[in-house]
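**Q** Counted from 1, the sequence shown has number 1308 at position 470 by this note's numbering; the numbering is strictly sequential. Idealized CB from N, CA, C, for every residue including glycine.
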Amino acid sequence: MKRHRLLLVVALVALLSAVVGVSRLRADAPPVVINELLAGNASATLDPDYKNFVPWVELHNTGGSAVNLGGYRLTDDLDTPTRWIIPSGVTIPAGGYLILWLDGQGSGRHAPYVLGMSGELGLFMPDGTPVDTLTFGPQLSDVAYGRNGSGDWRYYDPATPGAANGSGQATAAQAAPPTLSPPGGFYGSAQAVTLSAAPGATIRYTIDGSRPTANSPVYSVPIAVNGPTAVRARAFAADSLPSPAATSTYLVGVNPNLDVVSLVTDPAFFFDDFIGIYVDGKAGVANPKCGKKVANWNQPWERPVSVELFAADGLVFQQDSGVAIAGSCTRKDPQKQLQLFARPGYGDDDFSAALFADKPFDAYERIILRAAGQDAANTLLRDALGQQLVVGQMDIDRQAYRPAVVFINGAFWGVYGIRERMDEYFVTSNYGLGLDEFDLIEKKSLVLAGSITNWNTLYSYISNNSPATPSVYSYLQTQIDIDEFINYQILEIYSDNIDWPHNNIRWWRAHDDGQWRWMVYDMDAAFGRGTKGYNNNTFKFAAAAKGERAHNALILRRLMLNPTFKAQFGQRFAAHLNTTYQSERVIGVIDDMADTIAPQMPNHIARWNKPKSLAYWQSEVGRLRTYASLRPGHLWGYLNTFLGTPGMVTLTVNHNAARGHVTVEGVAAPAHYQGAHFRTLPLQLAAEPLPGYVFVEWAETGDTDPTPTLVLSGPRTLTAVFEPSP
C-alpha cells in the first residue's frame, strides 16, 4: 500500500504546490480563476448527473459581469490546451462559481479525461489565450486544494464547492489517525473498545458505518461492542487537517472457520432510495437484457467503502476502496455480487495482499466478491469448482478463489467467493501489461480493451485457409497459444458448460507479438445444474456448425482438420480424464470445497432462503459427486467419436517421482500412471530429471530420447529411468 509514502510526498511538495498557480497571462483574459479542485473525491461531493464521486474543479468569476465559457478549453495537459472544449451555453455569473467534472464521461459539464492525483490544469480562451493555469502536487483523499481569500493555495477538509473558501490549512499535514484497542477481529465475548490519539486531538467516531465528521459524537468512554460491529474514528486537531478514518470491525460471536470480508460504509451509499447502489430505489434504470425492472442496482454507481479481510489468525489487510454492484442479470438477486476497486483517490492504487495461495501475486487492482449467481439456489460451488479443479494441472487463464463470508456494516451478508476480476485487470495483474498493451474481446465482437482488428484478420484467415495445410497450421501456431486453447476446450467440455461458447467467453493477446489466450469465467450453468449433465455431449457445443454457438466454435472446428492438433487434443484430453478429472480426485475437491463453507451454510440459508434448506444444499452437493462419478464414462465415448473412432488401449507409465517428472502429452503424470489413450494418434511423453539426477532411458525399450512420440496399437508400458548425476 502506498498511503504512507503518499503522505510524505504530499508534505514535501506542499509549499511548492502553493506557489505554482499562474495567474492570467494577458490583460484581456476574463477574470476567471481556477479556484478549487478535488482530485481525490472519494466521498465528499456527489456528481448530480451520473451520481458518482469523481474529480472536479471549481472556476470562480471574480469580475462584475457574467462570462460565457462556451468554446473555452480546459485541459489537464498544458502542452495540449485543446483536450476539452467547454460546451456552448455554459456561463459563470458575476462573482459566481462553476463546477466542472473531470471524470472521463465527455458530455455536458464532464470532461473526457480523468484528473489525476497530481498534475496540471489550464483554462484557455477559444483562441488559445491562457486564462489561468495550475500545477499541483500529490493530493489526498477527500481533501480539496483551493485559493483562500488572499489568493493563496490551501487545503480544505471538508471541501467547499460552489462557495467561497475559508482560510484553509497551509500544508497537507493531517492529524494522525486514532488507535483502536483491541484490534478488530474475531472475539468470543463482548469487547470494550478504547480509542486514543495524539495529545490535544479530539476523537470523533461512528458505529453505523459512516465516515466520522466534525458533527459526529466525541469519544469519551470505551465503546461497548456486544456483536459484530464496525467502529470508525477520526482525530481532529488544531493546525492540521482531520485524520483519515481508522476502521476496525469486531466480529464478536462470529465463527472464525471461514475468512471474513467486512465492508463498512455510510448506509446511504447502499440503501438510500436516491443514491444507494443495493436497493430498487427511486433513481434506477432498466437493463434491457434482463427485463423491464427499473432499479438503482442497475446503475453503474461506485461508492466508497472500507474493506477489511480477516483470516482466523488476524487481519490480512484494511484499506479504503470503491465498491459497485457486479454482474448482469444476477443484479436482481437479493444477494448481489460486488466488485471492489483500488484507486489512488481512495488512498491506494492496489490491494496489496497475497490473496490467493495458488497465485504468486501480492497486488490486485480489482477484486470480485462473487455470490453464486445462477447456482445460488443449488451448491454455491459450480463456478469456483470448474476452475479449482485445474489448479496445478493446466496452464490456463482462470480466476483464483478464496471462500469467505461478507459482513456489511456489521450485518451478516452470506457466503461469497473472493475472486480475481476476469477482465482487463486480470491481464494487468497476471501478466504485468499496461491497459494499452493488449486486446481483449468478449462474446462475439465486444471489445473490452485494445482493438478487434487483429482478431478479425485471424478469424478470416482460419475461415478461408485449411489448417490441414502444414504452412497454415504453422502460422496459426504463431497466433494462437495452442496448448492453452486445448486446455480451455477440455475444461469447458468436461464441465458441461451449457452457457458457452456463445456466451461467457473472452480471449486476449498482448500487442507485442502475443498469442491469443482464452479466459475461464462464469461457470454457474456447468456440472449439470438443472439437468443430469454428466451424459451431455458438450462436443456438440464446442464444435457447433450451426446456431448461436457456431461463430465461436469455428476455431476448434477448423483446427480439428489438422492431424497434429487433432492428436494433441485427443491424447491430452485422455491424459486429463486419467488424472485431473479422475472421479475420485474430483470428488475429493468437491468435498474439500463443500466442507469449507458447510459451517456457514445454516446462517447463509437463514439470511437468503437460498438454497431452500440445508438438507437440499447437501443433496445438491451430492449431485456434483454423482456428476464426478459418471461424467468420464460418457466422455470417453463422445471423445472417441469426435476423434473419428480410433479406439482406445491402456498406457502405463512409471517413474521414481523422487528423481524426476514425467508428462503425458503435457499433463503431469503420477509415479504410476495408467489409463486409456487412443490408437493411431501420436502421443508424446517427456521425462525431466530433478536437480542431481539425469534421465537414462525408457527401461522397456532402451530408448534414450526423453521426449519420445508413441503411436499405440495395443497396451504399452514404459518406465522412465533416472539415475544420480555422475
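Look at the alpha carbon of Leu-912 and the alpha carbon of Trp-991, and state the distance between them as a whole number of angstroms.
**A** The count along the sequence shown starts at 1 and reaches residue 912 at position 74. The count along the sequence shown starts at 1 and reaches residue 991 at position 153. Between Leu-912 and Trp-991, the C-alpha separation is close to 20 angstroms.
**Q** Can you give me the start and stop residues for the beta strand (DSSP E) that Val-969 sits inside?
**A** Here residue 969 refers to the residue found at position 131 when the sequence shown is read from its first residue. Taken as a continuous stretch (DSSP letters only), the beta strand (DSSP E) holding Val-969 covers 968 to 974.
**Q** Whole-angstrom Cβ separation of Glu-958 and Asp-887, contact assumed at under 8 angstroms?
**A** Taking the first residue of the sequence shown as position 1, residue 958 is located at position 120. Taking the first residue of the sequence shown as position 1, residue 887 is located at position 49. In fact, because the Cβ distance is near 25 angstroms, the residues do not count as touching under 8 angstroms.
**Q** So what's His-1472 in DSSP terms, helix, strand or just coil?
**A** Position 634 of the sequence shown, counted from the first residue, corresponds to residue 1472. It is helical.
**Q** Taking only the alpha-carbon atoms, compute the straight-line gap between Asp-1233 and Met-1260 and give it to the nearest angstrom.
**A** Residue mapping note: residue 1233 aligns to position 395 of the sequence shown, counting from 1. Residue mapping note: residue 1260 aligns to position 422 of the sequence shown, counting from 1. In a straight line, the C-alpha of Asp-1233 is about 16 angstroms away from that of Met-1260.
**Q** If you scan the segment 1100 to 1173 from start to end, which runs of the alpha helix (DSSP H) of 4 or more residues do you find wholly inside it?
**A** With a minimum length of 4 residues, the continuous alpha helix (DSSP H) runs that stay inside the segment 1100 to 1173 are 1105 to 1109.
**Q** Helix, strand or coil for Gln-1221 per DSSP?
**A** Residue numbering aside, residue 1221 sits at position 383 when the sequence shown is read from its first letter. Rather than Gln, the amino acid found at residue 1221 in this sequence is Asp. It is helical.
**Q** On the premise that Phe-1155 lies in contact with Phe-1189, defined as a C-beta separation below 8 angstroms, what is that separation, rounded to the nearest angstrom?
**A** Residue mapping note: residue 1189 aligns to position 351 of the sequence shown, counting from 1. Residue mapping note: residue 1155 aligns to position 317 of the sequence shown, counting from 1. Sure, about 7 angstroms apart at Cβ, within 8 angstroms.
**Q** Is the segment 872 to 883 touching the segment 970 to 988, taking contact as three or more C-beta pairs under 8 angstroms?
**A** Counting Cβ pairs under 8 angstroms, three or more are found: they touch.
**Q** For Ser-1159, is the classification buried or exposed, using 16 other Cβ atoms within 10 angstroms of its Cβ as the cut-off for buried?
**A** As a first step, residue 1159 is located in the sequence shown; it is residue number 321 there, counting from the start. Looking at its Cβ environment, which holds 16 or more other Cβ atoms inside 10 Å, Ser-1159 is buried.
**Q** Within 10 angstroms of the Cβ of Lys-1120, are there 16 or more other Cβ atoms? Answer buried if so, exposed if not.
**A** Residue mapping note: residue 1120 aligns to position 282 of the sequence shown, counting from 1. By the 10 Å Cβ count, Lys-1120 comes out exposed.
**Q** Classify Ala-1509: buried if its beta carbon has 16 or more other beta carbons within 10 angstroms, exposed otherwise.
**A** Stepping through the sequence shown from its first residue, residue 1509 is reached at position 671. Exposed, by the Cβ-count rule.
**Q** Return the residue from the list Pro-1520, Asp-941, Thr-1542, Ala-1363 that minimises the CA-CA distance to Ser-1551.
**A** Here residue 1551 refers to the residue found at position 713 when the sequence shown is read from its first residue. Checked all of Pro-1520, Asp-941, Thr-1542, Ala-1363; the closest Cα to Ser-1551 is Pro-1520.
**Q** Classify Thr-1402 as helix, strand or coil using the three-state DSSP reduction.
**A** On the sequence shown, position 564 is the one that residue 1402 refers to. Note: Thr-1402 maps to helix in three-state DSSP.
**Q** Taking only runs of the alpha helix (DSSP H) that begin and end inside the segment 1281 to 1355, which ones reach a length of at least 4 residues, in chain order?
**A** Correct list: 1291 to 1302, 1308 to 1317, 1320 to 1332.
**Q** Helix, strand or coil for Glu-1386, going by three-state DSSP, please let me know.
**A** Against the sequence shown, residue 1386 aligns to sequence position 548. In this structure, Glu-1386 counts as coil in the three-state DSSP scheme.
**Q** DSSP three-state call for Ile-1234: helix, strand or coil?
**A** Within the sequence shown, the letter at position 396 stands for residue 1234. DSSP places Ile-1234 in coil when its eight states are reduced to three.
**Q** Which whole-angstrom value is the C-beta distance of Ile-1358 and Leu-1329, which I expect to be below 8 angstroms?
**A** On the sequence shown, position 520 is the one that residue 1358 refers to. On the sequence shown, position 491 is the one that residue 1329 refers to. Sequence inspection shows Val at residue 1358; the Ile mentioned does not correspond to that position. Indeed, because the Cβ distance is near 6 angstroms, the residues count as touching under 8 angstroms.
**Q** Would you kindly check if the distance between the Cβ of Pro-1470 and the Cβ of Tyr-1511 is under 8 angstroms?
**A** Along the sequence shown, one-based indexing puts residue 1511 at 673. Along the sequence shown, one-based indexing puts residue 1470 at 632. Taking 8 angstroms as the Cβ cut-off, Tyr-1511 and Pro-1470 do not qualify as a contacting pair.
**Q** When burial is assigned at 16 or more other CB atoms within 10 Å of the CB, is Glu-1386 buried or exposed?
**A** By one-based count along the sequence shown, residue 1386 stands at place 548. Exposed, because fewer than 16 other Cβ atoms sit within 10 Å of the Cβ of Glu-1386.
**Q** What are the partner residues of Met-1357, as DSSP defines its beta bridges?
**A** Position 519 of the sequence shown holds residue 1357. DSSP lists Asp-1235, Arg-1344 as partners of Met-1357.
**Q** How about Tyr-1043 and Pro-1055: do their beta carbons lie closer than 8 angstroms?
**A** Taking the sequence shown and counting its residues from 1, the one referred to as residue 1043 is at position 205. Taking the sequence shown and counting its residues from 1, the one referred to as residue 1055 is at position 217. Result yes, Cβ atoms of Tyr-1043 and Pro-1055 sit closer than 8 angstroms.
**Q** Verify whether the separation of the beta carbon atoms of Phe-1403 and His-1493 is less than 8 angstroms.
**A** The sequence position of residue 1403 within the sequence shown is 565, counting from 1. The sequence position of residue 1493 within the sequence shown is 655, counting from 1. No, the Cβ-Cβ distance between Phe-1403 and His-1493 is not below 8 angstroms.
**Q** Count the CB pairs spanning the segment 1216 to 1235 and the segment 1073 to 1081 that are closer than 8 angstroms, and state whether there are at least three.
**A** At 8 angstroms Cβ cutoff, the stretches do not touch.
**Q** Looking at the secondary structure, which residues open and close the alpha helix (DSSP H) in which Met-1431 lies?
**A** The residue labelled residue 1431 in the question sits at position 593 within the sequence shown. Met-1431 -> alpha helix (DSSP H) spans 1421 to 1435.
**Q** Could you name each continuous beta strand (DSSP E) segment of 3 residues or more that falls completely within the segment 1065 to 1100, going from the start of the chain to the end?
**A** Segments of the beta strand (DSSP E) lying fully in the segment 1065 to 1100: 1067 to 1074, 1084 to 1090.
**Q** Can you say whether Pro-1066 is buried or exposed, counting buried as having 16 or more other CB atoms within 10 angstroms of its CB?
**A** Here residue 1066 refers to the residue found at position 228 of the sequence shown. The residue in question, Pro-1066, is buried, as its Cβ has 16 or more Cβ neighbours within 10 Å.
**Q** How many Å lie between Tyr-1202 and Pro-1339 at the Cα?
**A** Position 364 of the sequence shown, counted from the start, is the residue given in the question as residue 1202. Position 501 of the sequence shown, counted from the start, is the residue given in the question as residue 1339. Whole-angstrom Cα-Cα distance: 28 angstroms.
**Q** My output table needs one value for Glu-1275: the three-state DSSP class, helix, strand or coil.
**A** Your numbering for residue 1275 matches position 437 in the sequence shown. Glu-1275 falls in the coil class under three-state DSSP.
**Q** When the distance is taken between beta carbons, is Ala-982 closer than 8 angstroms to Thr-998?
**A** The sequence position of residue 998 within the sequence shown is 160, counting from 1. The sequence position of residue 982 within the sequence shown is 144, counting from 1. Closer than 8 angstroms, so yes.
**Q** Which residues bound the beta strand (DSSP E) around Ile-1206?
**A** Taking the sequence shown and counting its residues from 1, the one referred to as residue 1206 is at position 368. Residues 1204 to 1208.
**Q** On the CB-based measure, 16 or more other CB atoms within 10 Å of its CB, does Gly-1513 come out buried or exposed?
**A** As a working note, residue 1513 is residue 675 in the sequence shown. Answer is buried; the Cβ neighbour count reaches 16.
**Q** In the DSSP assignment, what are the bridge partners of Trp-922?
**A** In the sequence shown, the residue the question calls residue 922 occupies position 84. None, per the DSSP bridge assignment.
**Q** I'd like the span of the alpha helix (DSSP H) that includes Phe-1379, first residue to last.
**A** Here residue 1379 is taken as the residue at index 541 of the sequence shown, counted from 1. Start and end: 1377 to 1380.
**Q** According to DSSP, simplified to helix, strand and coil, what is Phe-962?
**A** As a first step, residue 962 is located in the sequence shown; it is residue number 124 there, counting from the start. Three-state DSSP puts Phe-962 in a strand.
**Q** Three or more C-beta pairs closer than 8 angstroms, one from the segment 1018 to 1027 and one from the segment 1084 to 1101: is that the case here?
**A** Yes, the segment 1018 to 1027 touches the segment 1084 to 1101.
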